[in-house]
Amino acid sequence: MQFHDSRRAIFIQWNLQGRPSLCTNLVSIKNYSSATARAGRSSWEIGSERIQKIIDEMVKVMRNAPGVGLAAPQIGIPLKIIVLEDTNEYISYAPKDETKAQDRRPFDLLVIINPKLKKKGSKTALFFEGCLSVDGFRAVVERHLEVEVGGLDRNGKTIKVDASGWQARILQHECDHLDGTLYVDKMAPRTFRTVENLDLPLAAGCPKLGVC
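So in UniProt numbering, spot 123 of the sequence shown is number 123, and the numbers just go up one at a time.
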């Protein structure tokens, strides 16, 4: 999942074989047109050196982009792994009234393998969101305000995350990638726009931003 900071750009690095390189260089983020950006299918041994290197690489790519979340399929790896992190620095780039409305708070790095997401309650919210695989664009997406995500940490230990607000949105966004879904598949009609036009008023008939 992406946030906008005009001072930084996504770093793309490919090896000589034209495939994403692991560990020695940052891998490129797969574009929305790539099938691997939409689904994770393989199953590898948790705790293996290979998995640990993939996780480390995912964190590097996410932070370098910069973004607040990344799913393994976005870098061409068909595994059910997500990483996410939001910092005070990232939050400071957005207007305070916006982050307050989004209930956006910093949280430490989370690595979740084989995540299983459960939506809690009936409350939802409509906000713009972006994606590192659909760079330069945003759209309004309705998401649940609270979720519970179970899975394994990078060492194979069972974890459970109860999240609300913006963190819950990030978790839903990244878990969608593992099911082959992008935010553009769920966006509200007539809200898709470039980052440069993000501040323009929504078209007549579009849903109002905020908690539903």
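Beta carbons: idealized from backbone N, C-alpha and C, even for Gly.
Taking 8 Å as the upper bound for CB-CB distance, residue 124 and residue 106 are not in contact here, some 23 Å apart. In the three-state scheme derived from DSSP, where H, G and I count as helix and E and B as strand, residue 122 is classed as strand. Nearest Cα to residue 109 within the set 92, 70, 142: 70.
Shown here, residue 99 sits in a helix according to DSSP, grouped into three states. By the Cβ criterion, the stretch 163-179 is in contact with the stretch 61-81, since at least three pairs of Cβ atoms, one from each stretch, lie closer than 8 Å.
For the stretch 114-182, the continuous beta strand (DSSP E) assignments of 3+ residues that do not extend past its boundaries occur at 137-152, 158-164, in sequence order. A straight line joining the alpha-carbon of residue 112 with that of residue 55 spans about 10 Å. Within the same chain, 136, 137 come within 7 Å of residue 194 by CB-CB distance, once the 5 residues on both sides are set aside.
Residue 144 sits close to residue 119, with the two beta carbons spaced by under 7 Å.
Per DSSP, the beta bridge partners of residue 187 are 141.
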